[in-house]
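Worksheet: one structure, shown below.
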Ligand code: G4P
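In the working numbering, the protein residues as written are 1435 to 1979.
Following this line, the structure appears as C-alpha cells:
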C-alpha cells in the first residue's frame, strides 16, 4: 500500500459516485493514464524519451527511437512509416515516478491517420499537449485538442524548444487562451530564448525556486519574489525583460486552480526544452500532482467506478502480426475497475464467451513482461486469436457495456479488386482481421460481390494494400467506388427501417457486425434520403458495442 500522501486531491470523491458503495483503493489512485497530443515535429518523441529517462525507465537517451527502428525492420508495412518519417503504430509505455505508476499511451501524430488516435484518447484520463514555441498551436494539435474537449480531458501544456528562437511567452499563452478557449496558468517561466536562453524558473509561490539551464546548470533562489526583485538580474539585458514578462503574467493570469484543470477549463503551462532536459522533471511532477487518477468509465447500464471490486475493461486497440513469425494478435485492454489477476476468466460481453487470460502483458519502455496483477487505469496486452475486437467490453460476470468508443464514418470508400480469384478466401480473412484491428472498415454491398473498404485518412489505404501483400500474400488494387460517404442507419420502428432498406438495396451494405450502412454518391443524395425518411437515423459514428 502506498502511504505517500496524495499531493493532489485523489479521485476518491469520484469513486463514490456509485451510491457510495465503492471507496476502496485497489491501487488505482496511484495510476496516471495519459497521452501526448501534438503536431508532427513538435517534439513528442524526444519528450517521451526524456520522460522515460528522467524517471529512470531507460538509461540512455535514444532508446525510444532505437526501439522504433528495430520494430520497423521487422515488418514490411511499416516501410510507409519509415518513408514518411511518421509513426503509425500506437502503443503503451508503463513507468514509475515518485511512487506512482504512469501509463503513457502513444498516439500516432499524422493528420491522416486519425481514427486510431481518436480511440486512444478515449482510454486516457488526461493529456499532455506539446507545442513548438516558435509555431504555436498547429493544425493537428487543434484537432486532437477538440477530441480531448469532447470529454473534457484535463490537459497539461508543454511549450517545447525554448532553447531556440521562439515567440514571446506571453504571446504563446495568449494564443492558447484565444485559439483553444482555455485558461492558462504557467508553472515555469523562460529566461531568454534561443541563443539568449538562460534557463527556466519554477513559479513556486511559497518556497525556494529553481533556475535550470540544462542538466548541469541549476541554481536555487530563496523565493519567487526574491528572484523577481533581484536587482542584478533585473539589470541584465536578458533576465530583465523576461522578469518583466513574468510579472505581467503573474498580474494578469489567474492562479492555478486544480478543479478548473480537472474540469478541462484551465491548463498548467510548462515552458521547457525536451532536448536539453529542461522542464521535463517539472512536467513529471505536474502529472503526479495534478493529473487525475482513473475516472469512472461511461458505460451502460451505468458508469463503472474504478473502485468497483468486479474486474471490467475494454479493448482500445488490437494489433495483429506484431511479430510476423508468430502471427500473434494483441488486444490492448484498458482496465476500468477491479483487481485483475493472471489466469482470471473474463467474459467478452459482445460474444457472451468466457476466456481465461493466462498470458496478459505489460509494456515497458523496452520490454514486455507478464502481468500478474493490474488495476483500473492499467493497460494490459492480451494475446488472442481474433476473439477480441476494438470496443469489446470484458467483465467477470456482469453485462456492463463500455460506451464512447467511436467508429467513424469513412471519408474515403474504395472497391477492392482481386486479380487472383483463387485468393478470395484469404482476402476475406485478411479484411476481417484488419477491420478487427480498426485499420479499415469493411462493407459488403447488398447487391454485388466486391468488397468495399472505408477509411478516414488516405494513408490507411496505403497501409491496407501494403499489409495485405506482406502479411497475407494477397495482391489487390483499390478502385474508385461510386460512393462518397457512408452512414449507419437505424430507426426506432423496425418496420420503418425495413421500408428504407427494401427501397434502397442498390445503396446499401452491411458492416462487419451485419448492421445496415447507407452509401451515398454525394451529399445531395444523402440529404435527399434523410428528407424522405425522417424517422430513419443516419449516424456518422457507430458506437461499438
Ligand atoms: P515528433 O515526435 O513530435 O514528430 O518530434 P521529434 O521528437 O521527433 O522532434 C522533432 C525535431 O525537433 C527533432 O529534430 C528533434 O531533435 C527536435 N527537438 C525536439 N525537442 C527539441 C527541443 O527542445 N529543442 C530543440 N532545439 N529541438 C528539439 P530533427 O532534426 O528532426 O531530428 P534529430 O536528427 O534531432 O533526431
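Quick reminder that beta carbons are idealized off the backbone N, C-alpha and C, glycines included.
- Rounded to the nearest angstrom, the gap between the Cα atoms of residue 1462 and residue 1957 is 47 Å.
- The C-alpha of residue 1622 is placed about 22 Å away from the C-alpha of residue 1473.
- Look at residue 1474: its beta carbon is less than 7 Å from one of the heavy atoms in the ligand G4P.
- Taking 4 residues as the shortest admissible run, the segment 1888-1962 contains the following complete alpha helix (DSSP H) segments, listed from N- to C-terminal end: 1892-1906 and 1928-1937.
- Close CB contacts of residue 1651 within its chain, under the 8 Å cut and outside five residues either way in sequence, are with 1633 (chain order).
- The three-state reading of DSSP puts residue 1617 in strand, counting E and B together.
- For residue 1949, the distance from the CB to the nearest heavy atom of the ligand G4P is not below 7 Å.
- Going by beta carbons, residue 1738 and residue 1816 fall outside the 8 Å limit.
- The beta carbon of residue 1803 is closer than 8 Å to those of 1795 and 1796 in its chain, skipping five residues each way along the sequence.
- Note on geometry: alpha-carbon atoms of residue 1746 and residue 1479 lie some 31 Å from one another.
- When rounded, the separation of the alpha-carbon atoms in residue 1741 and residue 1811 is 11 Å.
- Following the DSSP letters along the chain, one finds residue 1809 inside the beta strand (DSSP E) bounded by residues 1807-1809.
- Burial state of residue 1806 is exposed, judged by a 10 Å Cβ sphere holding fewer than 16 other Cβ atoms.
- A Cβ-Cβ separation of about 5 Å places residue 1594 in contact with residue 1564 under the 8 Å criterion.
- According to DSSP, residue 1654 shares a beta bridge with 1644.
- When DSSP states are grouped into helix, strand and coil, residue 1562 belongs to the strand group.
- The three-state reading of DSSP puts residue 1868 in helix, counting H, G and I together.
- Counting along the chain, residue 1686 sits inside no beta strand (DSSP E); it lies in the alpha helix (DSSP H) bounded by residues 1673-1686.
- Distance from the CA of residue 1579 to the CA of residue 1904, rounded to the nearest whole angstrom, comes to 35 Å.
- In the structure shown, residue 1779 falls within a strand segment according to DSSP collapsed to helix, strand and coil.
- The Cβ neighbour count for residue 1484, taken over all protein chains shown within 10 Å, is at least 16; the residue is labelled buried.
- Here residue 1607 carries a helix assignment [DSSP, helix/strand/coil].
- Put simply, the backbone Cα of residue 1696 is about 12 Å away from that of residue 1616.
- By the CB criterion at 8 Å, residue 1643 and residue 1636 fall inside the cutoff.
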